Structures are given as structure tokens and as C-alpha cells.
Amino acid sequence: MSYVRGRASRVLTTFGILAGAAILATTGCASGDSGAPADDAGDSEVKSVKIALSNNFNGNIWRKQMEASFETTAAENPDYFSDPKIVVSDGSAPQQAQQIQSLVLEGYEAIIIEPGSPTGLNGAIEEACAAGVTVVVFDGATTAECAYQVAFDYVEYGRIQAEFAAEQLGGEGNILMVRGLPGNTIDEDIYAGVTEVLAEHPDMELVGEVYGEWTESVAQQEVAKIIPSLPEIDGVLTNGNDGGGTLDAFRQAGTDPLPLIIQGNSGQGLQGWTEVVDENPDYLSMSISSQPSISSTAAWLATLLINDLDDAREIPDMTIFSPLLIIPEENRVAWTEALEYTEIAENPTTLEATREIIAAAIAGDPIKVDTPLPPQ
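So the sequence shown is residues -32 to -1, 1 to 344, counted in mature numbering (1 follows the signal peptide of the UniProt record, and there is no 0).
Dropping the structure here:
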């Protein structure tokens, strides 16, 4: 079952993905955790893919880290990726569509897309596919039927944090929701998951909503504005990369006791959460967010597709899910120590990790959630 709007209509078969990955592994990739190429990476069976990333927005640390993940993967694996390029449209779907068209004219063989609209890019994507370009949409969703899609289950994201809050609050209390961007499918899916759970707990009331734009500073400003008009808040549900700013707003307002605030895997949020626990050891929360390294998952998928197109076939109504990263209390200290203030928790995506994600999806048991310790 797919929870993401704009379901993918194309995906690899089990044989295709494993065969393609096997070709890459034997001709240029070590089988260890690093995912780095072996010395014999120049085998003619492997094609180095001219690849570009189209990003609709990079105004927060998650998006910047997502771009950095793509750049690092491409730079460290030149036998699989060539001429990597990133274009950013600053939130404009028409501009993003034009940039995709330009990338096609520049001869890019693969374009991975973080979309700003579920429908506004369809024409440009269909044109790219018709020109023989492999298109992989990631994180957000589009309804373009020719695009492969790698996504997070954002409805489940909303459910997980709301269920945690319901358990901790005994199924009752006033809830504030810090959302993402208006009209964005990611925000809408998280909100759908949250409201689904709240409907099961009639004594939990959603008393306020603000848009934090997945940015700590914006979340802090917007929450600070609304706090004076709110009743006592028992729990705050979030969208990712906004929990730290939200926590700062309540602390600066002198709120005592602090509400349960779900964190979004940022170094800022985890440091703030840890400071609160140091002051009050009974304070319990959790952290959850998508992983910026999904851009590398999309890039590896594009490489597998281009090197193994003959073994791909149509499988309708299927999206390849990448795992959300959850930080429970028992992993809080390890992640807090591992992250800089402006970093987001992630596991780097290797070729092997991508193979596992796709194989699990094809087997009908997608890996939607992970609770790892920081990579060593």
C-alpha cells in the first residue's frame, strides 16, 4: 500500500534490481558497508551516468544537507556518476520545470527531482522521459507516470509522533501543531497522519497550528507569536527541523512545565532536548524526521536503472520507500554528541543500502522506519 500521492508507475523487478546491482558490485563496488568503488571499477559493463539534481527549495539545513549528500556520493563514485549538477528553483514550479527542460538539452541522462508541485512538473518530466532521460522523483511526489519515485511514508510519520504523544499524555490534552509549508504534499501527509490519530483520542484537542517551514528560526518565531493566545499546551507535534526552535520559543516564554515537544532530528533540537532532560530527568520525548541522504538513494537508483534497463518492467501502484529515522530516548545522547548544531541525523546511503531498500519494497515489506545509532 502506498501512502504517498502520485504513486509511481515504474519500478525495478526483483531480478532486475539485484542483477543490476550485482553487475555494479562485481565491476566497481566493494561489498562492504562503505559502498566505495573497487580498484577494477573501469569495467566497460558499467556506464558512468551524467546526472543532475533539480531542487525546488534549499532554504533550510535539511535541503542543504540533502544537496551535500548527492554531491558527496557523486564525487566519491566517479565510475558511476559524471558531471553532477544541482539546480534550484527557489519554490517556483514553472522555474523548476524550465530548469528540467534545460537539463535535458544539456544532455543529462538522469535527473533526480525534489519536486515543488505534485502536478506542475508533469509536462517537463514527461518530455524528459520521452527524450530518453531517466527521471527519479524523491522525497516529495508527482503524478507523472513515467517517473520512478523514492519516498518517505509521511502519513506514518504523522501517526508515529501523534501515537507517542497520545501514550505519554494519557490520551488527553491540548495540542499545538507546527506544520511545514502550505499546500506542500509532505506537510499534508504528515497532517493527515496526525489528525487520523487525534480522531481516535477525542480528549486530545488540536488548539493551534503554525507553519514553521521546516526551519528552526521560522518555527521559533511563529510559535512565539501564538503562545500568548493559546491555552496551556500539553504537547507539540512537528514536521522536522523545527522542534529545536519550537522548544526555544516555549523556554524563552518561561513556560513551566514545558509541554512534550516532538523533535525533528536536528542538532539544535537534540541539544535543546538534552538540556531540558539535564534539568528535569523525567522529561520524555522522541525525535523523528526524514533523511537528507535520500538524494543519494535516488542517484543510486538512477544508476541501476540506466545500467540495467532491459531488466526493468512496469509495476503499477508502487512507491519505493526510504526509512524515516527515529531517535528514541535511549539513543538521544549518542546522536546529540554525534551531530553539530546545524546538522540533521542521517545514515549515509550506499549502493548496498539502496539495494536493500528496493528489494524490501519489491518483496512487499518496505523499510519505512529505522532507529539506528550514529554511523561510526
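Glycine is no exception: its CB is placed at the ideal position from the N, C-alpha and C atoms. Note that this is a predicted model, so its numbers are computed, not measured.
Practice problem: Starting from the Cα of Gly27, find the closest Cα among Lys193, Ser57, Gly126 and give me that residue. | Solution: Counted from its first residue, the sequence shown places residue 27 at position 59. Ranking the options by Cα distance to Gly27, first place goes to Ser57.
Quiz item: Can you check whether the CB of Ala20 is closer than 8 Å to the CB of Lys53?
Solution: The residue you call residue 53 lines up with position 85 of the sequence shown. The residue you call residue 20 lines up with position 52 of the sequence shown. Judged by beta-carbon spacing, Ala20 lies within the 8 Å limit of Lys53, meaning their Cβ atoms are closer than that value.
Quiz prompt | Per DSSP, cross-strand counterpart(s) of Gln117 | solution = Against the sequence shown, residue 117 aligns to sequence position 149. Looking at the DSSP assignment, Gln117 forms a beta bridge with Val105.
Quiz item: Since Asn142 sits in a beta bridge, which residues does DSSP pair it with?
Solution: Residue 142 sits at position 174 when you count from the first residue of the sequence shown. The partner list for Asn142 (beta bridge, DSSP) reads Glu173.
Quiz item: What is the DSSP secondary structure of Phe218, counted as helix, strand or coil?
Solution: Residue mapping note: residue 218 aligns to position 250 of the sequence shown, counting from 1. The DSSP-derived three-state label of Phe218 is helix.
Quiz prompt | Collapsed DSSP secondary structure at residue 368 in the structure displayed | solution = The structure shown does not extend to residue 368, since the chain spans only -32 to 344, so no value can be given for it.
Quiz item: Tell me, which residues are paired with Leu228 by DSSP?
Solution: As a working note, residue 228 is residue 260 in the sequence shown. In the DSSP assignment, the residues bridged to Leu228 are Gly203.
Practice problem: For Asn275, count neighbouring Cβ atoms within 10 angstroms of its own Cβ and tell me buried if that reaches 16, exposed if not. | Solution: Stepping through the sequence shown from its first residue, residue 275 is reached at position 307. Per the 10 Å Cβ criterion, buried.
Quiz prompt | Among Arg31, Ser290, Gly84, the one whose alpha carbon lies nearest that of Val337 | solution = On the sequence shown, residue 337 is found 369 positions in, with the first residue counted as 1. Cα-wise, what sits closest to Val337 is Ser290.
Practice problem: Look up Tyr48 in the DSSP assignment and give the residues it is bridged to. | Solution: By one-based count along the sequence shown, residue 48 stands at place 80. In the DSSP assignment, no residue is bridged to Tyr48.
Quiz item: Count the other CB atoms within 10 Å of the CB of Glu184; is the residue buried (16 or more) or exposed (fewer)?
Solution: Position 216 of the sequence shown, counted from the start, is the residue given in the question as residue 184. With a 10 Å radius around the Cβ and a threshold of 16 neighbouring Cβ atoms, Glu184 comes out buried.
Quiz item: Is DSSP giving Ala78 helix, strand or coil here?
Solution: In the sequence shown, counting from the first residue as 1, residue 78 sits at position 110. Ala78 falls in the strand class under three-state DSSP.
Practice problem: Would you kindly work out how many angstroms separate the C-alpha atoms of Glu131 and Pro249, rounded to a whole number? | Solution: On the sequence shown, residue 131 is found 163 positions in, with the first residue counted as 1. On the sequence shown, residue 249 is found 281 positions in, with the first residue counted as 1. Straight-line Cα distance between these residues: approximately 22 Å.
Self-check item: Beta-carbon proximity list for Val55, same chain, < 6 Å, skipping 5 on both sides
Solution: On the sequence shown, residue 55 is found 87 positions in, with the first residue counted as 1. Excluding residues up to 5 positions away in sequence, Ser22, Gln67 lie with their Cβ nearer than 6 Å to the Cβ of Val55 in the same chain.
Quiz item: How about Gly212 and Gln236: do their beta carbons lie closer than 8 Å?
Solution: Taking the first residue of the sequence shown as 1, we reach residue 212 at position 244. Taking the first residue of the sequence shown as 1, we reach residue 236 at position 268. Against a cut-off of 8 Å, the Cβ pair of Gln236 and Gly212 comes out as a contact.
Quiz item: Glu305: which of Pro342, Leu293, Pro296 sits nearest, CA to CA?
Solution: In the sequence shown, counting from the first residue as 1, residue 305 sits at position 337. Comparing Cα positions, the closest option is Pro342.
Quiz item: Going by C-alpha distance, which of Gly176, Glu181, Glu95 is nearest Gly59?
Solution: Against the sequence shown, residue 59 aligns to sequence position 91. The residue among Gly176, Glu181, Glu95 with its C-alpha nearest the C-alpha of Gly59 is Glu181.
Quiz item: What are the boundary residues of the beta strand (DSSP E) that Asn23 is part of?
Solution: As a first step, residue 23 must be located in the sequence shown, where it is residue number 55. Taken as a continuous stretch (DSSP letters only), the beta strand (DSSP E) holding Asn23 covers 17 to 23.
Practice problem: With distances taken Cα to Cα, identify the nearest neighbour of Thr102 among Ala119, Ala328, Ala267. | Solution: By 1-based counting over the sequence shown, the position of residue 102 is 134. Nearest C-alpha to Thr102: Ala267.
Exercise. Under 6 Å Cβ to Cβ from Tyr309, same chain only, skipping five residues before and after it: list those, please.
Key: Sequence index remark: in the sequence shown, residue 309 carries index 341 (1-based). Excluding positions up to five away in sequence, the list reads Gly235, Gln236.
Quiz item: Thr163 to Val118, Cα distance in whole Å?
Solution: Along the sequence shown, one-based indexing puts residue 163 at 195. Along the sequence shown, one-based indexing puts residue 118 at 150. Thr163 and Val118: Cα-Cα distance of roughly 25 Å.
Quiz prompt | Where Leu198 falls, given that 16 or more other Cβ within 10 Å makes a residue buried | solution = Taking the sequence shown and counting its residues from 1, one reaches residue 198 at position 230. Result: exposed.
Quiz item: With a CB to CB cut of under 6 Å and the five nearest residues on each side skipped, what residues in its chain are close to Thr317?
Solution: For the purposes of this step, residue 317 is identified with residue 349 of the sequence shown, where counting begins at 1. Same-chain partners within the cutoff: Ser261, Ser264, Thr265.
Quiz prompt | Own chain residues within Cβ distance below 7 Å of Asn299, not counting five before or after | solution = The sequence position of residue 299 within the sequence shown is 331, counting from 1. Only Thr339, Leu341 meet the Cβ criterion.
Self-check item: Cutoff 6 Å; reference Ala115; Cβ partners in own chain excluding five residues on either side
Solution: The residue given as residue 115 occupies position 147 in the sequence shown. Closer than 6 Å at Cβ, skipping near neighbours: Ile93, Val103, Val105.
Self-check item: Residue burial classification, Ala98 (beta-carbon count within 10 angstroms, cutoff 16)
Solution: As a position in the sequence shown, residue 98 is number 130, starting the count at 1. Exposed, since its Cβ has fewer than 16 Cβ neighbours within 10 Å.
Self-check item: C-alpha distance - Thr223 paired with Gly141, whole-angstrom precision
Solution: Here residue 223 corresponds to residue number 255 of the sequence shown, with the count starting at 1. Here residue 141 corresponds to residue number 173 of the sequence shown, with the count starting at 1. Distance between the alpha carbons of Thr223 and Gly141 is about 16 Å.
Quiz item: Buried or exposed: Gly126, going by 16 or more other Cβ atoms within 10 Å of its Cβ?
Solution: Numbered from 1 along the sequence shown, position 158 holds the residue referred to as residue 126. Classification of Gly126: buried, given that the 10 Å Cβ count is 16 or more.
Practice problem: Ignore the nearest five residues each way along the sequence and tell me which others in Glu324's own chain have a CB closer than 8 Å to its CB. | Solution: In the sequence shown, counting from the first residue as 1, residue 324 sits at position 356. These residues qualify, in order along the chain: Ile335.
Practice problem: Count the other CB atoms, across all protein chains shown, that sit within 10 Å of the CB of Pro227; report buried if there are 16 or more and exposed otherwise. | Solution: Here residue 227 refers to the residue found at position 259 of the sequence shown. Buried, since its Cβ has 16 or more Cβ neighbours within 10 Å.
Practice problem: Apply the 10 Å Cβ neighbour rule to Leu71 and answer buried if 16 or more other Cβ atoms are within range, or exposed otherwise. | Solution: Position 103 of the sequence shown, counted from the first residue, corresponds to residue 71. Buried: at least 16 other Cβ atoms inside 10 Å.
Quiz item: Nearest-angstrom Cα distance between Leu277 and Lys18?
Solution: Taking the first residue of the sequence shown as position 1, residue 277 is located at position 309. Taking the first residue of the sequence shown as position 1, residue 18 is located at position 50. Only weak support is given to the placement of Leu277: the predicted model assigns it a pLDDT of 41, under 50, and the value that follows is read from those uncertain coordinates. Rounded to whole angstroms, Leu277 to Lys18 spans 16 Å at the Cα level.
Quiz item: Is the beta carbon of Ile230 less than 8 Å from the beta carbon of Gln136?
Solution: Locating residue 230 in the sequence shown gives position 262, where the first residue counts as 1. Locating residue 136 in the sequence shown gives position 168, where the first residue counts as 1. Contact: no.
Quiz item: Is it buried or exposed for Asp216, if we count other Cβ within 10 angstroms and need 16 for buried?
Solution: In the sequence shown, counting from the first residue as 1, residue 216 sits at position 248. Buried is the call here.
Self-check item: As assigned by DSSP and simplified to three states, the class of Tyr179
Solution: Indexing the sequence shown from 1 puts residue 179 at position 211. Tyr179: strand per DSSP, three-state reduction.
Practice problem: Could you check what DSSP says for Pro340 in three-state terms: helix, strand or coil? | Solution: Stepping through the sequence shown from its first residue, residue 340 is reached at position 372. Looking at Pro340 - three-state DSSP - the assignment turns out to be coil, as it is neither helix nor strand.
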